[in-house]
Amino acid sequence: MSGHLPVLYAQVLDGLHVRPDGRYLDGTFGRGGHAAGVLAQLGADGRLLVMDKDPEAIAVAQARFGEDPRVSIYRGSFIELTGWHEATEAPLDGVLFDLGVSSPQLDVAERGFSFGKDGPLDMRMDPDADESAAEWIARADEAAIADVLWTYGEERMSRRIARAIVARRAETPFLRTADLAAVIGANVPRSKSKPGQKETNPATRSFQAIRIHINRELADLETGLDAALAALRPGGRLAVISFHSLEDRIVKRFIAGHAKAPAGNRRLPEAAPFVPRLRIVADATKADETELRANPRARSAVLRVAEKLEAAA
Numbered sequence: 041m042s043g044h045l046p047v048l049y050a051q052v053l054d055g056l057h058v059r060p061d062g063r064y065l066d067g068t069f070g071r072g073g074h075a076a077g078v079l080a081q082l083g084a085d086g087r088l089l090v091m092d093k094d095p096e097a098i099a100v101a102q103a104r105f106g107e108d109p110r111v112s113i114y115r116g117s118f119i120e121l122t123g124w125h126e127a128t129e130a131p132l133d134g135v136l137f138d139l140g141v142s143s144p145q146l147d148v149a150e151r152g153f154s155f156g157k158d159g160p161l162d163m164r165m166d167p168d169a170d171e172s173a174a175e176w177i178a179r180a181d182e183a184a185i186a187d188v189l190w191t192y193g194e195e196r197m198s199r200r201i202a203r204a205i206v207a208r209r210a211e212t213p214f215l216r217t218a219d220l221a222a223v224i225g226a227n228v229p230r231s232k233s234k235p236g237q238k239e240t241n242p243a244t245r246s247f248q249a250i251r252i253h254i255n256r257e258l259a260d261l262e263t264g265l266d267a268a269l270a271a272l273r274p275g276g277r278l279a280v281i282s283f284h285s286l287e288d289r290i291v292k293r294f295i296a297g298h299a300k301a302p303a304g305n306r307r308l309p310e311a312a313p314f315v316p317r318l319r320i321v322a323d324a325t326k327a328d329e330t331e332l333r334a335n336p337r338a339r340s341a342v343l344r345v346a347e348k349l350e351a352a353a
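When we follow the working numbering, the leftmost residue of the sequence shown carries the number 41, and every step to the right adds one.
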């Protein structure tokens with residue numbers, strides 16, 4: 041395994057319940073920590089399919105697994121799952137989505153994700169995608185910027201920050217992450233941290249919100265979950281790691297919506313009987329203290345696992 045620490049590694053492998061002859065898809069390869077764990081449990085007849093829209097992740101996948109005949113690699117978002125022949129030619133036994141930005145993306149200043157490392161204001165997981173963060177900030181109006189900061193970052197100072205961004209860009213465009221972080225920081229009051237707790241950078245929520253918007257992360261997640269459920273065989277497992285409450289809320293509602301009958305309403309006509317399509321296997325699993333000491337970035341990770349049920353007769 042590489043130096044990259046895959047979050048909730050053992051819990052993911054346990055949740056996927058890997059069969060030696062199974063077919064598994066890692067829809068967010070990253071640096072391949074989870075994928076390597078799955079591959080280690082596969083026999084000669086097993087198959088591992090890996091996807092990622094980041095070309096650097098795909099280069100790592102090719103270097104690590106490109107010679108293994110059990111592995112197929114595809115550059116693209118998991119929303120393209122249904123268009124990849126390898127993923128649809130036979131039902132899958134497991135699908136993994138490890139959401140959000142990866143540690144390597146955060147650690148490389150040139151990718152433009154980090155407010156702590158000055159670099160080009162980009163934030164695209166796929167650098168060939170249409171619009172960078174700098175381009176969006178240059179054209180979006182004040183209301184649109186404020187809406188993104190509030191909706192995806194839950195930033196209470198969203199309007200003040202948006203106003204400051206628009207005023208500053210009238211003089212000089214935003215091209216660097218440090219420049220944007222400085223303007224945001226000047227308009228967000230410092231929060232008081234608890235004893236022993238590291239102070240949160242005031243740009244944290246805004247950078248997260250802009251990244252989510254630029255990469256269409258929440259809309260793509262909803263599409264990807266539907267595609268994953270359709271691709272799984274009965275008995276196959278869906279495992280999703282979220283790092284943000286908005287992501288986790290979508291995953292939780294998706295699984296619950298297919299696993300639990302909705303509450304009845306005596307005032308409405310009786311609906312057709314509810315037929316569950318999923319069974320909840322693991323609900324909101326989090327990292328333990330041992331993992332957190334080794335990998336503090338796992339603190340916000342939440343794993344949910346569900347199993348696809350047999351179709352109703």
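Beta carbons: idealized from backbone N, C-alpha and C, even for Gly.
None of the values given here were measured: they were computed from a predicted structure.
Contact set for residue i: own chain, Cβ-Cβ below 8 angstroms, skip 5 residues either direction
| i | result |
| --- | --- |
| Glu-287 | Leu-139, Gly-140, Glu-257, Leu-258 and Leu-261 |
| Arg-339 | Ala-327 and Leu-332 |
| Leu-53 | His-74, Gly-77, Val-78 and Gln-81 |
| Arg-216 | Asp-158, Gly-159, Pro-160 and Leu-161 |
| Gln-51 | Ala-322, Thr-325 and Leu-343 |
| Gly-225 | Asn-241, Pro-242 and Ala-243 |
| Glu-129 | none |
Nearest neighbour of residue i, chosen from the options [CA to CA]
| i | options | result |
| --- | --- | --- |
| Gly-123 | Gly-134, Met-91, Val-111 and Ala-97 | Met-91 |
| Ala-174 | His-298, Pro-160, Ile-201 and Ala-183 | Pro-160 |
| Leu-265 | Gly-297, Ala-249 and Arg-245 | Gly-297 |
| Glu-7 | Glu-120, Tyr-192 and Ser-112 | The first residue shown for the chain is 41 and the last is 353, placing residue 7 beyond what the model contains. |
| Glu-120 | Glu-329, Ile-320, Ala-267 and Arg-164 | Ala-267 |
| Gly-131 | Glu-107, Arg-71, Pro-167 and Leu-88 | This sequence places Pro at residue 131; Gly is not what is there. When only C-alpha atoms are compared, the closest one is Leu-88. |
| Ile-252 | Asp-166, Gly-83 and Ala-84 | Asp-166 |
| Pro-46 | Val-315, Arg-289 and Ala-334 | Ala-334 |
| His-57 | Val-135, Gly-72 and Arg-110 | Val-135 |
Distance between beta carbons of residue j and residue i, contact taken as under 8 angstroms
| i | j | result |
| --- | --- | --- |
| Phe-118 | Gly-67 | 4 angstroms |
| Tyr-64 | Asp-133 | 6 angstroms |
| Arg-337 | Leu-269 | The pair is not a contact, with the Cβ atoms about 28 angstroms apart (cut-off 8 angstroms). |
| Pro-302 | Lys-348 | Their Cβ separation, rounded to whole angstroms, is 19 angstroms, which puts Pro-302 and Lys-348 out of contact at 8 angstroms. |
| Met-197 | Ile-250 | At roughly 14 angstroms, the Cβ-Cβ gap does not stay under 8 angstroms, so Met-197 and Ile-250 are not in contact. |
| Ile-295 | Ile-254 | That belief does not hold up - the Cβ atoms of Ile-295 and Ile-254 are roughly 27 angstroms apart, past 8 angstroms. |
| Arg-245 | Glu-194 | 6 angstroms |
| Ala-299 | Ala-346 | 7 angstroms |
Same chain, Cβ closer than 6 angstroms to residue i, five either side skipped, listed in chain order
| i | result |
| --- | --- |
| Pro-213 | Ala-178 |
| Ala-204 | Val-223 and Asn-227 |
| Glu-329 | none |
Limits of the alpha helix (DSSP H) - the one that residue i falls within
| i | result |
| --- | --- |
| Lys-292 | 285 to 299 |
| Thr-263 | 257 to 271 |
| Ser-198 | 198 to 209 |
| Ala-341 | Premise fails: Ala-341 is in no alpha helix (DSSP H) and is neither H nor E. |
| Arg-251 | 244 to 254 |
| Ile-177 | 173 to 179 |
| Ala-75 | 73 to 80 |
Beta-carbon contacts of residue i that lie in its chain and below 7 angstroms, excluding the five residues immediately before and after
| i | result |
| --- | --- |
| Phe-69 | Ala-75, Val-90, Met-91, Asp-92, Ala-97 and Ala-101 |
| Lys-292 | Arg-344 |
| Arg-208 | Val-223 |
Residue i Cβ short of 8 angstroms to the ligand ADP heavy atom set
| i | result |
| --- | --- |
| Arg-63 | In the structure shown, the ligand ADP is absent, as is every other ligand, since no ligand is present at all. |
Extent of the continuous beta strand (DSSP E) to which residue i belongs
| i | result |
| --- | --- |
| Gly-134 | 132 to 138 |
| Arg-216 | Run containing Arg-216: none; DSSP gives neither H nor E here. |
| Arg-87 | 87 to 92 |
CB contact check: residue i to chain D, cutoff 9 angstroms
| i | result |
| --- | --- |
| Thr-217 | Among the chains of the structure shown, chain D does not appear; only one protein chain is present. |
Using 8 angstroms as the threshold, is the region 184 to 197 in touch with the region 274 to 283, meaning 3 or more CB pairs across them? The region 184 to 197 makes no contact with the region 274 to 283: fewer than 3 CB pairs, one atom from each, lie closer than 8 angstroms.
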